[in-house]
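>
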Amino acid sequence: MSDETDRPRVAVFRPDDERIESAVELLRSLGADPVPDPMLEVEPTGAVPADAPLVAFTSKTGVELAAEAGWEPGDADLAAIGPATAAAAREAGWTVDAVPDEYTSAGLVAALEPRVAGERVVVARSDHGSDVLLDGLREAGAEVTETVLYRLTRPPEAGDSAEAAASGDLDAAAFTSSLTVDNFLAAAADRGVDEGARAGLADAVVGAIGPPTAETAAARGVDVDVVPDEASFESLATAVVDAVDAGTADASDADPR
Numbered sequence: 001m002s003d004e005t006d007r008p009r010v011a012v013f014r015p016d017d018e019r020i021e022s023a024v025e026l027l028r029s030l031g032a033d034p035v036p037d038p039m040l041e042v043e044p045t046g047a048v049p050a051d052a053p054l055v056a057f058t059s060k061t062g063v064e065l066a067a068e069a070g071w072e073p074g075d076a077d078l079a080a081i082g083p084a085t086a087a088a089a090r091e092a093g094w095t096v097d098a099v100p101d102e103y104t105s106a107g108l109v110a111a112l113e114p115r116v117a118g119e120r121v122v123v124a125r126s127d128h129g130s131d132v133l134l135d136g137l138r139e140a141g142a143e144v145t146e147t148v149l150y151r152l153t154r155p156p157e158a159g160d161s162a163e164a165a166a167s168g169d170l171d172a173a174a175f176t177s178s179l180t181v182d183n184f185l186a187a188a189a190d191r192g193v194d195e196g197a198r199a200g201l202a203d204a205v206v207g208a209i210g211p212p213t214a215e216t217a218a219a220r221g222v223d224v225d226v227v228p229d230e231a232s233f234e235s236l237a238t239a240v241v242d243a244v245d246a247g248t249a250d251a252s253d254a255d256p257r
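Mapping to the working numbering: the sequence shown position 206 is 206, numbers consecutive.
#1: Sorted by chain position, which residues of the same chain lie with C-beta nearer than 7 angstroms to Gly31's C-beta, five sequence neighbours on each side aside?
#2: Does the contact criterion of 3 or more C-beta pairs under 8 angstroms hold for the segment 199 to 218 versus the segment 21 to 41?
#3: Based on Cα-Cα distance, which residue from Glu102, Ser161, Arg115 lies nearest to Ala189?
#4: Between Gly74 and Arg120, what straight-line distance do the alpha-carbon atoms span, to the nearest angstrom?
#5: Where does the unbroken alpha helix (DSSP H) through Glu195 begin, and where does it stop?
#6: If Ala86 sits next to Val99, beta carbons under 8 angstroms apart, how far is it from one beta carbon to the other, in whole angstroms?
#7: Report the residue from Val123, Ala140, Ala164, Ala173 whose alpha carbon sits nearest the alpha carbon of Leu149.
#8: Hey, would you say Leu179 sits closer than 9 angstroms to Leu152, going by beta carbons?
#9: Look at the Cβ atom of Ala164, then the Cβ atom of Val205, and state whether they are nearer than 9 angstroms.
#10: Bridge partners for Gly207 per DSSP, in chain order?
#11: For Ala124, name the three-state secondary structure that DSSP assigns.
#12: Where are the alpha helix (DSSP H) runs, 4 residues long or more, that stay fully inside the segment 6 to 33, in chain order?
#13: Looking at C-alpha atoms only, which residue of Ile209, Ser167, Pro49, Ala56 is the closest neighbour of Gly192?
#14: In terms of DSSP beta bridges, what is Phe184 paired with?
#15: Considering Leu78, what are the terminal residues of the beta strand (DSSP E) in which it resides?
#16: Please report the residue range of the beta strand (DSSP E) in which Val55 lies.
#17: Please state the DSSP three-state secondary structure of Thr61.
#18: Using C-beta distances below 6 angstroms, list every residue in its chain close to Asp51, excluding the 5 sequence neighbours before and after it, in chain order.
#19: Excluding the five sequence neighbours on either side, which residues of its own chain have a C-beta within less than 6 angstroms of the C-beta of Gly82, listed in chain order?
#20: What span of residues does the alpha helix (DSSP H) with Glu163 cover, start to end?
#21: Which residue wins for smallest C-alpha separation from Val48, given the options Ala158, Trp71, Thr95, Asp182?
#22: Taking 9 angstroms as the threshold (beta carbon to beta carbon), is Ala188 in contact with chain C?
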């Protein structure tokens with residue numbers, strides 16, 4: 001371990017709000033030493049979902065921004081990409097009609113396919129949403145409109161984790177979206193440590209919250225070691241820490257000759 005207290009140092013990239021705070025708390029409860037490095041900053045557009053029989057939200061942030069803007073679903077059915085998004089909708093007083101078994105764009109398409117033919121559907125999300133959702137719903141026969149509720153940018157101060165990786169002071173990284181992978185690498189390049197940060201990731205346990213994030217990492221030359229069965233941060237953090245612990249145990253059990 002790189003940390004002198006033998007707690008694995010795990011980089012986490014969630015936005016600088018209650019999400020990074022809860023992520024840090026969770027990692028500490030798992031016995032890790034968190035390296036919080038927010039790679040996403042939320043810039044609301046002020047838009048709200050257009051009227052439609054079905055509105056699909058792809059994040060907790062999108063739900064919260066729509067609610068803060070005073071939007072109400074009215075008679076529309078609501079779909080949420082996962083439990084956190086659904087919980088935020090229910091907290092706003094809305095009824096959630098669909099949550100997929102797989103918390104991804106592809107999973108949401110699979111959940112909605114049987115009911116969207118000939119129906120107007122609004123997808124409410126960030127400016128970095130996957131084409132998988134829009135294309136899949138259209139292929140299922142839906143008339144799809146996208147409402148961009150917020151833009152995701154890289155905070156100018158991001159990149160401490162890249163320097164930690166470059167110095168060999170990172171045991172693991174928990175990537176929660178394709179954009180966090182891209183922003184990590186961009187921050188590393190901006191700080192002049194791209195090669196070192198990549199080498200540091202190669203020596204660390206790299207976790208991706210789901211297959212799309214893992215695919216992005218692979219396309220950028222980053223090997224992913226862990227993809228949890230459930231696309232939630234809790235599952236990702238637990239799997240990453242377990243993998244670090246398992247690697248440490250393997251190393252300690254190795255024949256020293």
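Ideal placement from N, C-alpha and C gives every residue a C-beta, glycine not left out. For clarity, every value in this text was computed on a predicted model and none was experimentally measured.
Straight from the coordinates:
#1: Your numbering for residue 31 matches position 31 in the sequence shown. Answer for Gly31: Arg7, Val241, listed in chain order.
#2: no
#3: Here residue 189 refers to the residue found at position 189 when the sequence shown is read from its first residue. When only C-alpha atoms are compared, the closest one is Ser161.
#4: In the sequence shown, residue 74 corresponds to position 74, counting from 1. In the sequence shown, residue 120 corresponds to position 120, counting from 1. Their backbone Cα atoms lie some 15 angstroms apart in a straight line.
#5: The residue you call residue 195 lines up with position 195 of the sequence shown. It spans 194 to 203 - the alpha helix (DSSP H) in which Glu195 sits, taken as one unbroken run.
#6: If you number the sequence shown from 1, residue 86 lands on position 86. If you number the sequence shown from 1, residue 99 lands on position 99. Confirmed, about 5 angstroms.
#7: Within the sequence shown, the letter at position 149 stands for residue 149. With distances taken between Cα atoms, Leu149 lies closest to Val123.
#8: Within the sequence shown, the letter at position 179 stands for residue 179. Within the sequence shown, the letter at position 152 stands for residue 152. Yes, they are a contact pair.
#9: Residue numbering aside, residue 164 sits at position 164 when the sequence shown is read from its first letter. Residue numbering aside, residue 205 sits at position 205 when the sequence shown is read from its first letter. No, these two residues do not count as a Cβ contact at 9 angstroms.
#10: Here residue 207 is taken as the residue at index 207 of the sequence shown, counted from 1. In the DSSP output, where bridge partners are listed per residue, Gly207 has Ala174, Val226.
#11: In the sequence shown, residue 124 corresponds to position 124, counting from 1. It is a strand residue.
#12: 18 to 29
#13: Here the question's residue 192 lines up with position 192 in the sequence shown. Ranking Ile209, Ser167, Pro49, Ala56 by Cα distance to Gly192 puts Ser167 first.
#14: Working through the sequence shown from its first residue, we reach residue 184 at position 184. Looking at the DSSP assignment, Phe184 forms no beta bridge with any residue, so it has no partner.
#15: Looking up residue 78 in the sequence shown gives position 78. 77 to 80 is the extent of the beta strand (DSSP E) around Leu78.
#16: The count along the sequence shown starts at 1 and reaches residue 55 at position 55. Segment 54 to 57, the beta strand (DSSP E) holding Val55.
#17: For this step, residue 61 is matched to residue 61 along the sequence shown. Correct three-state label for Thr61: helix.
#18: By 1-based counting over the sequence shown, the position of residue 51 is 51. Closer than 6 angstroms at the Cβ level, and outside the excluded window around Asp51, lies no residue.
#19: Here residue 82 refers to the residue found at position 82 of the sequence shown. These residues qualify, in order along the chain: Tyr103.
#20: The sequence position of residue 163 within the sequence shown is 163, counting from 1. Its alpha helix (DSSP H) spans residues 160 to 166.
#21: Translated into the one-based positions of the sequence shown, residue 48 becomes position 48. It is Trp71.
#22: Note that chain C does not occur in the displayed structure, where there is just one protein chain.
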